[in-house]
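To start, the structure itself, in structure tokens.
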Amino acid sequence: MRHHRVLRIISKLLIPFIMLFALYVQFHGDFGPGGGFQAGVIFASAFILYGLIFGLENVRKVAPPAVVTRLIAAGVLLYAGTGYAGLFGGGNFLDYSVLRADPVAGQHLGIMVIEFGVGTTVAATMITIFFLFAGRDR
Amino acid sequence: MIITLIDIILLTFMGATAFAILRLRSLFAVVMLSGIYSLLAASMFVSLDAVDVAFTEAAVGAGISTVLMMAVLALTGERERLPARTPILPLVVVTLTGAALFYATFEMPAFGDANAPVNLHVAPHYLKNSFAEVGLPNVVTSILASYRGYDTLGEVTVIFTAGVAVMLLLGGRKGDDAGIKREPADDAGNADSGDDDDRDTRGGAA
Numbered sequence: 001m002r003h004h005r006v007l008r009i010i011s012k013l014l015i016p017f018i019m020l021f022a023l024y025v026q027f028h029g030d031f032g033p034g035g036g037f038q039a040g041v042i043f044a045s046a047f048i049l050y051g052l053i054f055g056l057e058n059v060r061k062v063a064p065p066a067v068v069t070r071l072i073a074a075g076v077l078l079y080a081g082t083g084y085a086g087l088f089g090g091g092n093f094l095d096y097s098v099l100r101a102d103p104v105a106g107q108h109l110g111i112m113v114i115e116f117g118v119g120t121t122v123a124a125t126m127i128t129i130f131f132l133f134a135g136r137d138r
Numbered sequence: 001m002i003i004t005l006i007d008i009i010l011l012t013f014m015g016a017t018a019f020a021i022l023r024l025r026s027l028f029a030v031v032m033l034s035g036i037y038s039l040l041a042a043s044m045f046v047s048l049d050a051v052d053v054a055f056t057e058a059a060v061g062a063g064i065s066t067v068l069m070m071a072v073l074a075l076t077g078e079r080e081r082l083p084a085r086t087p088i089l090p091l092v093v094v095t096l097t098g099a100a101l102f103y104a105t106f107e108m109p110a111f112g113d114a115n116a117p118v119n120l121h122v123a124p125h126y127l128k129n130s131f132a133e134v135g136l137p138n139v140v141t142s143i144l145a146s147y148r149g150y151d152t153l154g155e156v157t158v159i160f161t162a163g164v165a166v167m168l169l170l171g172g173r174k175g176d177d178a179g180i181k182r183e184p185a186d187d188a189g190n191a192d193s194g195d196d197d198d199r200d201t202r203g204g205a206a
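As they're listed, the protein sequences go chains B and D.
Position 61 of the first sequence, counted from 1, bears residue number 61 in our numbering, the numbering being contiguous throughout.
Position 29 of the second sequence, counted from 1, bears residue number 29 in our numbering, the numbering being contiguous throughout.
As structure tokens, then:
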């Protein structure tokens, strides 16, 4: 789609806002609708749009597959690691109240960290699946 | 009244879309209609005041699934082959199951009934105490991330497993990351010859 000038320019304009919106959904999920799952999908869609318009080679330069595949595991590890942090802090597995002196502040911190883990895994998985489908030989 | 009208319209559209998906043989049109179906489902969730679910459905079902299915479509044909024979038995099974499910809805408590069992167990505790215990205005996030954090960990593991499974199925050769073909001058050729050698040895042993 390299020769579609309108698509190229519009997507160039849109991609930063898509990513910004993904970050908003990610970190505003505590207060409104949204959270890691939705944010991860939206964040991945920015990369997928870039890949569709500018070609797979270019998006692989921006998001190297070696990094993206490792991020799939990193998100799960971040989530489970937060669970263990609660365990070592003297609470139960995934008990965020012990992460800080104030239980509510601990809950807030824990939820933010695990939502970030969810978003990382979802975005990386979606980008990887797109890479694999789009990069497959005909 | 307005809500009921919107629900009826959405349900009609969903039914029509589902029927069109059944009848159409052009897979491109089917993928597009699946996206539309997801969008209608998301609107239905908004009408049911489940905005978080609606958001997920719109992003995953209408958004990314459609794009991924398009990528799959580029690998397969554009048209679905006609079935060899008329599927009578599956039709009977589906009709009977659907009728049983429809019959079961008569026994369900009314939508939003405060005395429904689902609203009497832990839901009142979440609604009354989640702000004091977790401190988030969005109860859905409190439940998903904190009260039911272990379930959500399981869900993330499912996503992780899906990613790994797709990588295993489509990922190509060992040493490749996400099926990326290395430059021919790189060690790709060596890896290929190595594979061949392995196969030869095994063949010789057999």
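Note that the Cβ used here is the ideal one computed from N, Cα and C, for glycine as well.
DSSP three-state assignment for residue i, whether helix, strand or coil
i       : result
E183(D) : Any reading at E183(D) must be qualified, since the residue scores a pLDDT of 45, below 50, and its modelled position is unreliable; no value is offered.
R81(D)  : coil
D151(D) : helix
D7(D)   : helix
N115(D) : coil
N92(B)  : coil
H4(B)   : coil
E115(B) : helix
V68(B)  : helix
V59(B)  : helix
G29(B)  : coil
H108(B) : helix
H121(D) : coil
T141(D) : helix
L77(B)  : helix
V134(D) : coil
G140(B) : In the structure displayed, chain B extends from 1 to 138; residue 140(B) sits before or after that span and is not available.
P103(B) : helix
F19(D)  : helix
G163(D) : helix
M19(B)  : helix
A46(B)  : helix
A123(B) : helix
Identity of the residues DSSP links to residue i by a beta bridge
i      : result
S26(D) : R79(D)
Chain B contact residues for residue i, given Cβ-Cβ distances below 9 angstroms
i       : result
Y126(D) : Chain B residues near Y126(D): none, gap ~13 angstroms exceeds 9 angstroms.
L170(D) : I129, L132, F133, G135, R136
Chain-ordered neighbours of residue i on chain D, where CB pairs are closer than 9 angstroms
i      : result
V41(B) : T56, A59, V60, G63, I64
Y79(B) : G149, T152, L153, V156, T157
L7(B)  : Near L7(B) there are no residues of chain D at all, since even the closest Cβ is about 14 angstroms away, more than 9 angstroms.
A44(B) : I64
Per-residue contacts from residue i into chain D (C-beta, under 8 angstroms)
i       : result
S11(B)  : Per Cβ cutoff of 8 angstroms: no residues; S11(B) is ~13 angstroms from chain D at best.
G117(B) : V156
G29(B)  : N138, T141
Listed by chain order, chain D residues near residue i by CB distance under 7 angstroms
i       : result
P33(B)  : V51, D52, F55
M126(B) : I64
A134(B) : A71
G89(B)  : Correct list: empty, because the minimum Cβ distance to chain D is about 14 angstroms.
F21(B)  : By Cβ distance, chain D contributes nothing, its closest Cβ being about 11 angstroms from F21(B), past 7 angstroms.
F37(B)  : T56
Cross-chain neighbours of residue i in chain B, by beta carbon under 8 angstroms
i       : result
F160(D) : I72, A73, G75, V76, T121, T125
Discussion item. Which runs of the beta strand (DSSP E) at least 3 residues long sit entirely within the stretch 33-100 of chain D? Give them in chain order.
Written reply: none
Residues, ordered as in the chain, of the stretch 33-55 of chain D that lie near chain B by beta-carbon distance below 7 angstroms
Correct list: V51, D52, F55.
| query | What residues in the stretch 94-107 of chain B have a beta carbon less than 7 angstroms from any beta carbon of chain D? | reply | So the close ones are L94, Y96, V104, Q107.
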